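Working notes, beginning with the structure itself.
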Amino acid sequence: MAKGEYNFIHWTPPVEENRVFIAELQRRGITKLGIFEGIAPGAAAVIADLREQLKETDIEIVTDQMFNFGETDFRSIIAKTKDSEAETYLLLAFSPELEILAQQIREAGITTPITSIEGFELSEQVDLFEGEWYVNAADPTGDFTDQFVAKTGKSPTLGAANGYDIFNLIVAATENVTDTTKPTPKQIASELTKITNFSGALGNLNVDPDGIIVSNAAVRMIKDGKPVTVTE
Amino acid sequence: MDILPQLILNSIIAGAIYTLVALGFNFIYGATKFFNLAHGIMAAIGGYAVFYFTKTVGLNMYVAIILGIALAGLVGFGLDKFIYLPLRKRKASNMVLLVASLGAMTAMQALIAILFSSRFKTLTENVGTQKLFTIFGGIITQTQLIILLSAAVIMASLVVMLYKTQFGKSVRAISDDEEVARIVGIHTNKIIGTVFFIGSAITGFTGILIGFDVGIEPTMGLNLLLKGVIASIIGGVGNIYGGVLGAFLLGFLENFGIWKLSGEWKDAIAFALLIVFLIFRPRGIINK
């Protein structure tokens, strides 16, 4: 739930990211998953939901190593995973821990594939993850991308479409308050949670009563130093 | 990769890094008797100087390393000359000096972030291309090997300098009693300035090595300083040997602690050890 009276969330939720993540693990025949998890509310929410969804599958979490953000020496927790027989490692971390962790995993002689949820695309050293797959929000609609490129000369980065949608959703909610020319925040918030079938940059959007907008996740891959969508 | 040899190697490497910070910190503390919180930032200064000289100016890496070490030393010397020395002349208490060092650290950290951004940076050209060595089943990188050798060489050099040179005698005299040292004709301010230069240069070099091993960011000095200070306190603050002993004890306890506990407890183990020593042996393992 989007906590706070006037808050709403337009970010691909863990439940959707994990659904796509697990489907990809199954497609690749992976049954033993290792996790390196930075301690943060976002990562904890992803792991809690992942554990729940994995109960319905034959995929087992064989090791789950946690660390504090700001950590730079992962060598001992990496050594602990040696006998785990993990077939792939999920790195739930962001820059710079993500890059240091990936570097130290490889320096430890571990060649097991690594994957992530969101992390790789936000990395400042994307080349470290060349050829690795991961899960992230799906691409914006072609129309949004075309207009973005025409206006800025660049491809939209992660979150650009979310930002665009958020602004337009607030505009739509404000316009939906018809009984006054000066709507209050409460009226706008109330109208916002009634929005359905909104044609946004991330597809058809619905705001649920908790203020959450579910957008799709997709499997992506770092190819030639750039993120590309593998499946929709 | 076997876990036990790897854990021992990791502990030794962590101990060597803490040793380098504790050596510089203890060297300065021994002469000045105050907690110089700005000491950790010298690691960032060293690291960012090498980043600037190699990636922006295009200097040879070895020249950049020498310049980075010298710059960290000069900044340390400048801090003493322009902040701590005037305060000492006004008979400022150690608490005032500590607060001044906190201010200096915050200001320099912010300056680095303004000049280079807060983004994490690496000093190596291609990440993950370090030479690896296998020792008794554990893996160690080329940079880590240099860290180990550097800790040993710098510690030995400091010991020789302290116990075999006139300068070392002067440092020890100031450490025992600064006023008496001044009365017998030692230029205490000049000696303390040199101590700041050497101590800061050592930590600047540590920052450079860490930059090659994992990378650099403006806040890197604070965590290093905390571990260096913990190592100094548990070993015996102001004592060169104590700092080394404390650093390796800390390195081993952290790494073997998270063998059985989750990795998130690493810092908690370090601070628990500090609290135990503060309660039961506040002057550290080696009483001065």
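Chains as they are written, first to last, in my numbering: chain A, 1 to 232; chain B, 233 to 520. From the three backbone atoms N, C-alpha and C, an ideal C-beta is built for every residue, glycine too. What you are looking at is a predicted structure, and each value in this text was computed from that prediction instead of being measured.
Exercise. Can you give the Cα-Cα distance for A:Met1 and B:Ala275, rounded to whole angstroms?
Worked result: For the purposes of this step, residue 1 of chain A is taken as residue 1 along the first sequence, with counting starting at 1. For the purposes of this step, residue 275 of chain B is taken as residue 43 along the second sequence, with counting starting at 1. Because A:Met1 sits at a pLDDT of 49, beneath the cut-off of 50, its placement in the model cannot be relied upon, and the following sentence gives the value as read from the coordinates. A:Met1 and B:Ala275: Cα-Cα distance of roughly 43 Å.
Exercise. With a cut-off of 8 Å, do at least 3 Cβ pairs link the stretch 125–136 of chain A to the stretch 144–156 of chain A?
Worked result: no
Exercise. Can you list, in chain order, the residues of its chain whose CB lies under 7 Å from that of B:Asn421, leaving out five sequence neighbours each side?
Worked result: Locating residue 421 of chain B in the second sequence gives position 189, counting from the first residue. Excluding positions up to five away in sequence, the list reads Leu317.
Exercise. Within this structure, are the beta carbons of A:Asp139 and A:Thr229 separated by less than 8 Å?
Worked result: Here the question's residue 139 of chain A lines up with position 139 in the first sequence. Here the question's residue 229 of chain A lines up with position 229 in the first sequence. Going by C-beta atoms, A:Asp139 is nearer than 8 Å to A:Thr229.
Problem set entry | Beta-carbon proximity of B:Gly474 to B:Gly483, cut-off 8 Å | Counting from 1 along the second sequence, the entry for residue 474 of chain B is found at position 242. Counting from 1 along the second sequence, the entry for residue 483 of chain B is found at position 251. Taking 8 Å as the Cβ cut-off, B:Gly474 and B:Gly483 do not qualify as a contacting pair.
For this session: Identify, in the order they occur along the chain, each residue of the same chain with its Cβ nearer than 6 Å to the Cβ of B:Thr354, setting aside the five sequence neighbours on each side.
Result: Indexing the second sequence from 1 puts residue 354 of chain B at position 122. Here the set comprises Gly447.
For this session: Please confirm whether B:Ile462 and B:Leu390 have their CB atoms less than 8 Å apart.
Result: For this step, residue 462 of chain B is matched to residue 230 along the second sequence. For this step, residue 390 of chain B is matched to residue 158 along the second sequence. It is not a contact, given that the beta carbons lie outside the stated cut-off.
Exercise. Leaving out five residues before and five after B:Arg515 in sequence, what residues of the same chain have Cβ atoms less than 7 Å from its Cβ?
Worked result: Position 283 of the second sequence holds residue 515 of chain B. Result list for B:Arg515: Gly468, in chain order.
Problem set entry | Residue environment, A:Gly163, which counts as buried when at least 16 other CB atoms sit within 10 Å | To locate residue 163 of chain A, count along the first sequence from 1; it is residue 163. Answer is exposed; the Cβ neighbour count stays below 16.
Exercise. Would you say B:Gly447 reaches chain A, if we count a Cβ-Cβ gap shorter than 8 Å as a contact?
Worked result: In the second sequence, the residue the question calls residue 447 of chain B occupies position 215. Using beta-carbon distances, B:Gly447 counts as an interface residue toward chain A, with a partner under 8 Å.
Exercise. From the DSSP output, which residues share a beta bridge with A:Leu92?
Worked result: In the first sequence, the residue the question calls residue 92 of chain A occupies position 92. DSSP lists A:Glu37 as partners of A:Leu92.
Exercise. Okay, do the stretch 69–86 of chain A and the stretch 99–111 of chain A touch, 3+ Cβ pairs below 8 Å being the bar?
Worked result: yes
Exercise. Within this structure, are the beta carbons of B:Ala339 and B:Pro450 separated by less than 8 Å?
Worked result: Position 107 of the second sequence, counted from the start, is the residue given in the question as residue 339 of chain B. Position 218 of the second sequence, counted from the start, is the residue given in the question as residue 450 of chain B. In this structure, B:Ala339 lies away from B:Pro450, with their beta-carbon atoms at least 8 Å apart.
Problem set entry | Alpha carbon of B:Asn268 to alpha carbon of A:Ile9, nearest angstrom | In the second sequence, counting from the first residue as 1, residue 268 of chain B sits at position 36. In the first sequence, counting from the first residue as 1, residue 9 of chain A sits at position 9. So the alpha carbons of these two residues sit roughly 45 Å apart.
For this session: Count the other C-beta atoms from every protein chain shown that fall within 10 angstroms of the C-beta of A:Val219, then say buried if there are 16 or more, exposed otherwise.
Result: Within the first sequence, numbered from 1, the residue matching residue 219 of chain A stands at position 219. By the 10 Å Cβ count, A:Val219 comes out buried.
Exercise. Three or more C-beta pairs closer than 8 Å, one from the stretch 481–501 of chain B and one from the stretch 237–248 of chain B: is that the case here?
Worked result: yes
Exercise. So is B:Thr559 in contact with chain A if we call contact Cβ pairs under 8 Å?
Worked result: Residue 559 of chain B lies beyond the residue range present for chain B, which begins at 233 and ends at 520; the question has no answer from this structure.
For this session: Using only alpha-carbon positions, find the residue among A:Tyr89, A:Glu121 and A:Phe21 that is nearest to A:Gly159.
Result: Here the question's residue 159 of chain A lines up with position 159 in the first sequence. Between A:Gly159 and the set A:Tyr89, A:Glu121 and A:Phe21, the nearest pair of CA atoms involves A:Glu121.
Exercise. Within the chosen definition, does the stretch 4–20 of chain A reach the stretch 185–192 of chain A through at least 3 CB pairs nearer than 8 Å?
Worked result: yes
Exercise. Applying a beta-carbon distance threshold of less than 7 Å, which residues of chain A neighbour B:Ile398?
Worked result: Locating residue 398 of chain B in the second sequence gives position 166, where the first residue counts as 1. With the sequence shown as reference, residue 398 of chain B is identified as Gln, and Ile is not the correct amino acid for it. None at all; the shortest Cβ gap to chain A is about 40 Å.
Exercise. Ordered along the chain, which non-local residues of its own chain (more than five positions away) have a Cβ less than 6 Å from that of B:Ala433?
Worked result: Counting from 1 along the second sequence, the entry for residue 433 of chain B is found at position 201. Hits under 6 Å: Ile301, Ala304 and Gly305.
For this session: Reducing DSSP to helix, strand and coil, say where A:Pro185 ends up.
Result: Residue numbering aside, residue 185 of chain A sits at position 185 when the first sequence is read from its first letter. The answer is helix: DSSP assigns A:Pro185 an H, G or I state.
Problem set entry | Spatial neighbours of B:Phe352 in its chain, beta-carbon cut-off 6 Å, leaving aside the 5 residues before and after | Locating residue 352 of chain B in the second sequence gives position 120, where the first residue counts as 1. Gly447 and Glu449.
Exercise. Using a beta-carbon distance cut-off of less than 7 Å, what residues from the stretch 245–271 of chain B approach chain A?
Worked result: If the cut-off is 7 Å between Cβ atoms, the stretch 245–271 of chain B has Ala246 near chain A.
For this session: Quick one: using the 10 Å Cβ neighbour count with 16 as the cut-off for buried, is A:Lys80 buried or exposed?
Result: In the first sequence, residue 80 of chain A corresponds to position 80, counting from 1. The residue is buried, with at least 16 neighbouring Cβ atoms inside 10 Å.
Exercise. Among A:Phe94, A:Asn136 and A:Gly211, which one has its Cα closest to the Cα of A:Ile170?
Worked result: Taking the first residue of the first sequence as 1, we reach residue 170 of chain A at position 170. For A:Ile170, the closest alpha carbon among the candidates A:Phe94, A:Asn136 and A:Gly211 is that of A:Gly211.
Exercise. In this structure, what does DSSP give as the bridge partners for A:Asp64?
Worked result: Counting from one through the first sequence, the residue named residue 64 of chain A turns up at place 64. Partner(s): A:Ile35.
Exercise. A:Asp73 touches chain B at which residues, Cβ-Cβ below 7 Å?
Worked result: Counting from 1 along the first sequence, the entry for residue 73 of chain A is found at position 73. Going along chain B in sequence order, the residues near A:Asp73 (Cβ under 7 Å) are Ala246.
For this session: Note down the Cα distance separating B:Ile297 from B:Thr286, rounded to an integer number of angstroms.
Result: In the second sequence, residue 297 of chain B corresponds to position 65, counting from 1. In the second sequence, residue 286 of chain B corresponds to position 54, counting from 1. In a straight line, the C-alpha of B:Ile297 is about 9 Å away from that of B:Thr286.
Problem set entry | Inter-residue spacing [alpha-carbon to alpha-carbon] between B:Ile442 and B:Ile465 | Stepping through the second sequence from its first residue, residue 442 of chain B is reached at position 210. Stepping through the second sequence from its first residue, residue 465 of chain B is reached at position 233. So the alpha carbons of these two residues sit roughly 23 Å apart.
Problem set entry | For A:Gly29 and A:Glu37, the rounded distance between their alpha carbons | Within the first sequence, residue 37 of chain A is the residue found at index 37, counting from 1. Within the first sequence, residue 29 of chain A is the residue found at index 29, counting from 1. When rounded, the distance between both Cα atoms is 23 Å.
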